[in-house]
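Chains as they are written, first to last, in this note's numbering: chain A, 27 to 205; chain B, 118 to 560.
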């Protein structure tokens, strides 16, 4: 099934922000906005729900901490207790200060790496993935707003987008399988 | 303009009076002789169940040793306790005086950093910071008097100030070139003088900038002295921490002690800025402060709490691991005699702020920041307590009337001075060139 979308291009992030607010005020549906750089506050203006990445990061950190504790307990206490500098080697809790740097590092390691991987998966990014942005200029100096034109009068919507400061407006018949 | 309400003024005066009376009682209750100490300990052991027995057993053992080597026997121990208990109100006074002084000093450093970094988010908070640093004047004078009394051995807080101790102590003799009453007082005068001088001119320039913002002449002066002050501060703060705190244990030293004390005073100062700002907002002042400013302050509270823990752990782990007797004794005393405050402080200063302030949204909720802030401040008081008490009162510590009264006294003085200073100038530093950016600060 083909759906109609309108691509409106902007050359300034402030103009884009105002346009996004106006378009949403008119209850048109913004599918996506493509930017050459992150625009501060755009996610809020578009009404995208708050990211849950921070929560996953906390959970990954807890996993890392657990792995570190279990790993050091196995290596240094259970499997092969070693007497290093006369430190107690048969009790995890008494030897804990020596393991704190490892616990810290693995917490950070797990939180950081797994969070980045989660972010890539959630953003549908992977190696050799074809770019989704519909216009190469969005990687340089243009901002592209994709507005759903499905149930609207296309001419009216086009002129409205022109009023918001778009420098170029294209009507696209979008195939479902084009990405 | 802020006006000091009569209720707050009365509250602070009541705190001061109660604190002063309590402190006088604390000084009056000091045991005067060994017999009084024996009576006190007998009374204590009588009503303490298992704890008393454990202590008695403990004492018995040490008495045995003393009996063997000296005919006076138990009296040597009681005399030791007597000195500790005589020190206790002094140590309590010192800890509280230093704690509130260090809050003001931390705010002064934070204020200077805002200028040196040309920060755009914070100018709406400048008047609160300036008001808190007003406490440096009375707080610094009181601390100077206490330091002078201690440095010249009017009380027994610093063992290096006692000529009899020094005569029998090779290590302190070696450090006498630095650790002596005269040098101690001269250095204290230089530190305090430098900080108060910067405070005086920074506030003056900030007020002038309001009157005459043309060309940012005064702002540029503020920038220059702030940068200069920060260089002076980081050296003097470090030396201050050796003199005023580390020299309680004159045999022991730690090379990152200055940083450790700095982290403590910095986080206490930032927390106080947040608490006073939230208080003023709740009274309807400072509507130009939005929740992004509170969020930023809370981020600093969170970050510097972790920085403090990092330094605490760096100091602890190396000494614990190397286990060199003259170093590790510092932590052994604290873990054996001060278990609860020592580990309790870690919970209050690290685990609690870590978990409570981790969530981004919570940092904007005022009551959350206030709750975390109060715990952080209490935790850092205990940190100061842990740094001062083991060397001055040893195992005879308890949170008694002198400790609580000293805190109330200086809390009252702090509230009185800071809120009176707030009435002296408009709450908005309207001439600051970054004011518009700060007002629209949004995250």
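Beta carbons: idealized from backbone N, C-alpha and C, even for Gly.
All values derive from a computational prediction rather than experimental measurement.
Separation of residue 77/A and residue 62/A (C-alpha to C-alpha, rounded to the nearest whole angstrom) is 21 Å. Around residue 144/A, the same chain offers 82 as residues with beta carbons nearer than 6 Å, after the five sequence neighbours per side are excluded.
A Cβ-Cβ separation of about 45 Å leaves residue 80/A out of contact with residue 364/B under the 8 Å criterion. Residue 544/B is a Cβ neighbour of residue 403/B, given a cutoff of 8 Å. Residue 485/B and residue 479/B have their C-alpha atoms roughly 6 Å apart. Look at residue 199/A here: in three-state DSSP terms it is strand. Minimum Cα-Cα distance from residue 132/B among the listed residues 156/B, 547/B, 538/B, 523/B corresponds to 523/B. Cβ neighbours of residue 504/B within its own chain (closer than 6 Å, five residues either side excluded): 362.
The Cβ of residue 123/A sits closer than 8 Å to at least one Cβ of chain B.
Put simply, the CB of residue 111/A is near chain B, with a gap under 8 Å to one of its CB atoms. Bridge pairing for residue 34/A: 171/A, 195/A [DSSP]. Assignment of beta-bridge partners to residue 130/A by DSSP yields no partner. Any Cβ of chain B closer than 8 Å to the Cβ of residue 80/A would place that residue at the interface, and such an atom is present. A Cβ-Cβ distance of about 17 Å is found for the pair residue 455/B and residue 216/B, leaving them out of contact under the 8 Å criterion.
For residue 144/B, the nearest beta carbon of chain A is not closer than 8 Å to its own beta carbon. The DSSP-derived three-state label of residue 56/A is strand. In this structure, 534/B is the residue among 255/B, 534/B, 307/B, 501/B with its C-alpha nearest to the C-alpha of residue 127/B.
Taken in chain order, the complete alpha helix (DSSP H) segments of 4 or more residues contained in the region 498-551 of chain B are 518-539. When rounded, the separation of the alpha-carbon atoms in residue 168/A and residue 40/A is 12 Å. Under the Cβ criterion (8 Å, minimum of three pairs), the region 372-391 of chain B does not count as touching the region 258-278 of chain B.
Leaving aside the five residues that flank residue 288/B on each side, the residues in its chain whose CB is nearer than 8 Å to its CB run, in chain order, 367, 368. With a cut-off of 8 Å on Cβ pairs, the region 272-286 of chain B is not in contact with the region 319-331 of chain B, counting fewer than three such pairs. Ranked by Cα distance from residue 272/B, the first of 121/B, 378/B, 209/B, 517/B is 209/B. Residue contact with chain B for residue 134/A: absent (no Cβ-Cβ distance below 8 Å to any residue of chain B). Checking the DSSP bridge columns, you'll see residue 29/A partnered with 200/A. By the CB criterion at 8 Å, residue 308/B and residue 268/B fall outside the cutoff. Each residue's CA atom was taken as its position, placing residue 147/B and residue 234/B some 50 Å apart. Annotated three-state conformation of residue 458/B is helix, per DSSP.
In this structure, the CA atom of residue 112/A is about 29 Å from the CA atom of residue 424/B. Distance from the CA of residue 44/A to the CA of residue 223/B, rounded to the nearest whole angstrom, comes to 42 Å. Not a single C-beta of chain B is nearer than 8 Å to the C-beta of residue 65/A.
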